[in-house]
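Undergrad:
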Amino acid sequence: MSGHGDPIPMMSQRGPALSGEAHVPGDKSISHRSLILGALSVGETVIEGLLEGQDVLDTAKAMRAFGAEVTDHGGGRWSVHGVGVGGFAEPEGVIDCGNSGTGVRLIMGAMATTPITVTFTGDASLCSRPMGRVTDPLALFGAKAEGREGGRLPMTITGARDPMPVRYTVPVPSAQVKSAVLLAGLNAPGKTVVIEKEATRDHTERMLTGFGADLVVEETDEGRVITLTGQPELKPQHIVVPRDPSSAAFPVCAALIAEGSDVLVPNIGLNPTRAGLFETLREMGADLTYENPREEGGEPVADLRARFSPNMKGIEVPPARAASMIDEYPVLSVVAAFAEGPTVMRGVKELRVKESDRIDAMAQGLRAAGVEVEEGEDWWIVHGRGHGQVPGGATVESRLDHRIAMSFLVMGLATNAPMRVDDGGPIATSFPVFEPLMTGLGAAVARA
Numbered sequence: 001m002s003g004h005g006d007p008i009p010m011m012s013q014r015g016p017a018l019s020g021e022a023h024v025p026g027d028k029s030i031s032h033r034s035l036i037l038g039a040l041s042v043g044e045t046v047i048e049g050l051l052e053g054q055d056v057l058d059t060a061k062a063m064r065a066f067g068a069e070v071t072d073h074g075g076g077r078w079s080v081h082g083v084g085v086g087g088f089a090e091p092e093g094v095i096d097c098g099n100s101g102t103g104v105r106l107i108m109g110a111m112a113t114t115p116i117t118v119t120f121t122g123d124a125s126l127c128s129r130p131m132g133r134v135t136d137p138l139a140l141f142g143a144k145a146e147g148r149e150g151g152r153l154p155m156t157i158t159g160a161r162d163p164m165p166v167r168y169t170v171p172v173p174s175a176q177v178k179s180a181v182l183l184a185g186l187n188a189p190g191k192t193v194v195i196e197k198e199a200t201r202d203h204t205e206r207m208l209t210g211f212g213a214d215l216v217v218e219e220t221d222e223g224r225v226i227t228l229t230g231q232p233e234l235k236p237q238h239i240v241v242p243r244d245p246s247s248a249a250f251p252v253c254a255a256l257i258a259e260g261s262d263v264l265v266p267n268i269g270l271n272p273t274r275a276g277l278f279e280t281l282r283e284m285g286a287d288l289t290y291e292n293p294r295e296e297g298g299e300p301v302a303d304l305r306a307r308f309s310p311n312m313k314g315i316e317v318p319p320a321r322a323a324s325m326i327d328e329y330p331v332l333s334v335v336a337a338f339a340e341g342p343t344v345m346r347g348v349k350e351l352r353v354k355e356s357d358r359i360d361a362m363a364q365g366l367r368a369a370g371v372e373v374e375e376g377e378d379w380w381i382v383h384g385r386g387h388g389q390v391p392g393g394a395t396v397e398s399r400l401d402h403r404i405a406m407s408f409l410v411m412g413l414a415t416n417a418p419m420r421v422d423d424g425g426p427i428a429t430s431f432p433v434f435e436p437l438m439t440g441l442g443a444a445v446a447r448a
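Heads up: the sequence shown runs through residues 1 to 448, numbered per UniProt numbering.
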């Protein structure tokens, strides 16, 4: 699949029970950070299990443009010879981050305290997304940004010549903003402090510590306070990337709604800041179990077993859980359609500014498939119809959003009539093996 070529219409429908093992790709968040921190280290970082979706490949290309030596050895094994903190060279061309909000925002942070000028762009979806939430705190370090109206790409950033450390309270829960500020703080003298009122995924903190940065996390009355001492020499690492929980969400949720299914999804990262979906599904009554729990590379990992669960109930998802599952609300809303009664999701306004307005995209598609949905600026309610009661039969716009496309293809595995998406191409940005993985489990997913 290509996220940048001609549209690829796809469809899904009821078929046999799903069974077998679903070996999902490496974690996207950790893959991005492995490449960037490897490039900021001195020496060779080796990465195994890198997610080779287009988003991550665009970040690898960007690190090469900044002067790092990035090599693909095949089979998900990569190496990065870094240039050290503050060692980024000025790229000769424009940095194209494709569809990846994570990639562009983290790279902006990583270069913002080095005196180079960089122009960033992306695909139509990325160029519609606001960057002010990142460029505003980067300006506190002394970086300057000039982009299109509304703080949108293409955008040129000139890094600070004499960066100052900052103390910054993240206004809305966002791991991307937090991470951009911490990466910028690496090349600022003194201590950079980031304060989160609500905890978000903490891969950046864990990985910075692993690479040798002096980083302290404290829980205080202000919230979660992260203090980073700038200008360290980061030490290269050997990283084994755990499997992506956001990708695991799709075969897991498919197994829960497709009659008779029993699927094992091995080696899934269960970092507490990422596992909110699985906790929510279990509260709804899903037959979802953790097998062989263990720790790998400082991250909790387990094998997930998901079985068909025809008696799930709608629940009110705690708003405090939103940050730990923000990317999974689209596919959760699909499961909610097959549960009994309403599933209420609040505190989710971040979904409005993802690759698409995901609340609107999912609400429109669910309604077209015969499901009642209510929505507000930062909440939505899916009124579940129960197993066997969801009509389906709709064609949905993916809006250049991989998670919208995959969510509705999962939905079609249990609706009474097939579901179609107008373009499955964007799936390649994060889950390039989605189609063969799902058909390998027995799913009736095909190009239309």
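All residues carry an ideal CB built from backbone N, CA and C; glycine is no exception.
Being a predicted model, the structure only gives us computed values, none of them experimental.
#1: Return the CA-CA distance between V252 and A444, expressed in angstroms with no decimal places.
#2: In the DSSP assignment, find the beta strand (DSSP E) that holds E19 and state where it starts and stops.
#3: Taking G76 and E52 to be in contact with their CB atoms under 8 Å, please state how far apart those CB atoms are, rounded to whole angstroms.
#4: Check the C-beta distance from L228 over to T192 and give it rounded, since I have them as a contact under 8 Å.
#5: Hey, how far is the Cα of P137 from the Cα of A394?
#6: Can you tell me the Cβ-Cβ gap for F338 and V390, rounded? I've got them flagged as a contact below 8 Å.
#7: Mind checking who Q13 pairs with in its DSSP beta bridge?
#8: Tell me the DSSP secondary structure of T273 in three-state form.
#9: For E295, report the span of its beta strand (DSSP E) as first-last.
#10: According to the Cβ coordinates, are A188 and P163 closer than 7 Å?
#11: For the structure I just gave you, are there three or more beta carbon pairs, one from the stretch 420-434 and one from the stretch 397-406, closer than 8 Å?
#12: Quick check on S2: does DSSP put it in helix, strand or coil?
#13: Tell me whether the stretch 259-270 and the stretch 52-68 touch, counting them as touching only if at least three CB pairs, one residue from each stretch, are closer than 8 Å.
#14: Just tell me which of A184, M131, A275 has its CA closest to the CA of D27.
#15: Going by C-alpha to C-alpha distance, which of V216, T119, V80, R152 sits closest to E92?
#16: Whole alpha helix (DSSP H) runs in the stretch 192-254 with 4 or more residues, listed along the chain?
#17: If you reduce the DSSP assignment to three classes, tell me which class R129 lands in.
#18: So within the stretch 141-201, which uninterrupted alpha helix (DSSP H) runs reach at least 4 residues, ignoring any that extend past its ends?
#19: Express the C-alpha separation of A22 and Q237 in angstroms, rounding to a whole number.
#20: By alpha-carbon positions, which one of A89, R33, V382 ends up nearest to I315?
#21: Could you tell me how far apart the beta carbons of P426 and L400 are, in whole angstroms, since I believe they sit closer than 8 Å?
#22: Once the 5 residues before and after G412 are set aside, which same chain residues still bring their CB inside 7 Å of it?
#23: For the beta strand (DSSP E) that contains residue 508, what are its first and last residues?
#24: Check the C-beta distance from T102 over to S29 and give it rounded, since I have them as a contact under 8 Å.
#25: What did DSSP end up calling L51 once you bin it into helix, strand or coil?
#26: Quick one: what does DSSP say D96 is sitting in, helix, strand or coil?
#27: Assign V396 to buried or exposed, taking buried as 16 or more other Cβ atoms, counted over all protein chains shown, within 10 Å of its Cβ.
#28: Mind checking H73: buried by the 16 CB within 10 Å criterion, or exposed?
#29: Straight-line CA distance for S125 to D360?
#30: To which residues of the same chain is T156 closer than 8 Å at the C-beta, ignoring the five residues directly before and after it?
#31: In this structure, what does DSSP give as the bridge partners for R420?
#32: From the DSSP output, read off the bridge partner residues of A135.
#33: Just the C-alpha distance for P293 and A323, rounded to the nearest angstrom, thanks.
#34: Starting from the C-beta of R366, find all residues in its chain whose C-beta is less than 7 Å away, skip the five residues before and the five after it, and write them out in chain order.
#35: Please classify R346: does DSSP put it in a helix, a strand, or coil?
#36: Quick check on this structure: which residue in V241, V70, R201, A302 has the alpha carbon closest to the alpha carbon of H81?
TA: Concretely, from the data shown:
#1: Position 252 of the sequence shown holds residue 252. Position 444 of the sequence shown holds residue 444. Straight-line Cα distance between these residues: approximately 16 Å.
#2: As a position in the sequence shown, residue 19 is number 19, starting the count at 1. Checking the sequence shown, residue 19 turns out to be Ser, not Glu. Run containing S19: 19-21, per the beta strand (DSSP E) assignment.
#3: Translated into the one-based positions of the sequence shown, residue 76 becomes position 76. Translated into the one-based positions of the sequence shown, residue 52 becomes position 52. Right, their Cβ atoms sit about 7 Å apart.
#4: Within the sequence shown, residue 228 is the residue found at index 228, counting from 1. Within the sequence shown, residue 192 is the residue found at index 192, counting from 1. With a Cβ gap of about 5 Å, L228 and T192 count as contacting.
#5: By 1-based counting over the sequence shown, the position of residue 137 is 137. By 1-based counting over the sequence shown, the position of residue 394 is 394. Rounded to whole angstroms, P137 to A394 spans 43 Å at the Cα level.
#6: The residue given as residue 338 occupies position 338 in the sequence shown. The residue given as residue 390 occupies position 390 in the sequence shown. Right, the Cβ-Cβ distance comes to about 6 Å (below 8 Å), so this counts as a contact.
#7: Taking the first residue of the sequence shown as position 1, residue 13 is located at position 13. Its beta-bridge partners are A444.
#8: The residue you call residue 273 lines up with position 273 of the sequence shown. Coil, per DSSP.
#9: Numbered from 1 along the sequence shown, position 295 holds the residue referred to as residue 295. Start and end: 287-296.
#10: The residue you call residue 188 lines up with position 188 of the sequence shown. The residue you call residue 163 lines up with position 163 of the sequence shown. Yes; because the gap between Cβ atoms is below 7 Å, this pair is in contact.
#11: yes
#12: As a position in the sequence shown, residue 2 is number 2, starting the count at 1. Residue confidence is low: S2 scores 39 on pLDDT, short of 50, so the model does not pin down where it sits. Its coordinate-derived value is still stated next. In the structure shown, S2 sits in coil (DSSP, three-state: anything other than H, G, I, E or B).
#13: no
#14: By 1-based counting over the sequence shown, the position of residue 27 is 27. Minimum Cα-Cα distance from D27 among the listed residues A184, M131, A275 corresponds to A275.
#15: Position 92 of the sequence shown holds residue 92. If we check each option's Cα against that of E92, T119 comes out closest.
#16: 203-210
#17: By one-based count along the sequence shown, residue 129 stands at place 129. If DSSP states are grouped into helix, strand and coil, R129 belongs with coil.
#18: Counting only runs of 4+ residues, the alpha helix (DSSP H) found wholly inside the stretch 141-201 occupies 175-185, in chain order.
#19: Against the sequence shown, residue 237 aligns to sequence position 237. Against the sequence shown, residue 22 aligns to sequence position 22. Looking at the two C-alpha atoms, the distance is approximately 28 Å.
#20: Mapped onto the sequence shown, residue 315 falls at position 315. The option with the nearest alpha carbon to I315 is V382.
#21: Here residue 426 is taken as the residue at index 426 of the sequence shown, counted from 1. Here residue 400 is taken as the residue at index 400 of the sequence shown, counted from 1. Right, the Cβ-Cβ distance comes to about 5 Å (below 8 Å), so this counts as a contact.
#22: Here the question's residue 412 lines up with position 412 in the sequence shown. Answer for G412: M11, S12, Q13, G392, P418, M419, listed in chain order.
#23: There is simply no residue 508 to check, as the chain begins at 1 and stops at 448 in what is shown.
#24: By 1-based counting over the sequence shown, the position of residue 102 is 102. By 1-based counting over the sequence shown, the position of residue 29 is 29. Confirmed, about 7 Å.
#25: The count along the sequence shown starts at 1 and reaches residue 51 at position 51. Of the three classes helix, strand and coil, the one that applies to L51 here is coil, per DSSP.
#26: Start at 1 with the first residue of the sequence shown, and residue 96 comes out as number 96. Strand, per DSSP.
#27: In the sequence shown, the residue the question calls residue 396 occupies position 396. With 16 or more other Cβ atoms within 10 Å, it is buried.
#28: For the purposes of this step, residue 73 is taken as the residue at position 73 of the sequence shown. Exposed, by the Cβ-count rule.
#29: One-based indexing of the sequence shown puts residue 125 at position 125. One-based indexing of the sequence shown puts residue 360 at position 360. For S125 and D360, the distance between alpha carbons rounds to 15 Å.
#30: Numbered from its first residue, the sequence shown carries residue 156 at position 156. The residues are T117, V118, T119, F120, A145, E146, G147.
#31: For the purposes of this step, residue 420 is identified with residue 420 of the sequence shown, where counting begins at 1. DSSP, once it has assigned bridges, lists M11, T395 as partnering R420.
#32: Taking the first residue of the sequence shown as 1, we reach residue 135 at position 135. Position check: residue 135 holds Thr in this sequence, whereas Ala was assumed. Answer by DSSP bridge pairing: none, since T135 is not bridged.
#33: Within the sequence shown, numbered from 1, the residue matching residue 293 stands at position 293. Within the sequence shown, numbered from 1, the residue matching residue 323 stands at position 323. Computed Cα separation, rounded: 23 Å.
#34: For the purposes of this step, residue 366 is taken as residue 366 along the sequence shown, with counting starting at 1. Residue identity check: residue 366 is Leu in the sequence provided, not Arg. Excluding positions up to five away in sequence, the list reads S333, A337, V373, V382.
#35: Within the sequence shown, numbered from 1, the residue matching residue 346 stands at position 346. Three-state result, R346: strand.
#36: Here residue 81 corresponds to residue number 81 of the sequence shown, with the count starting at 1. Checking every option, the nearest Cα to that of H81 belongs to V70.
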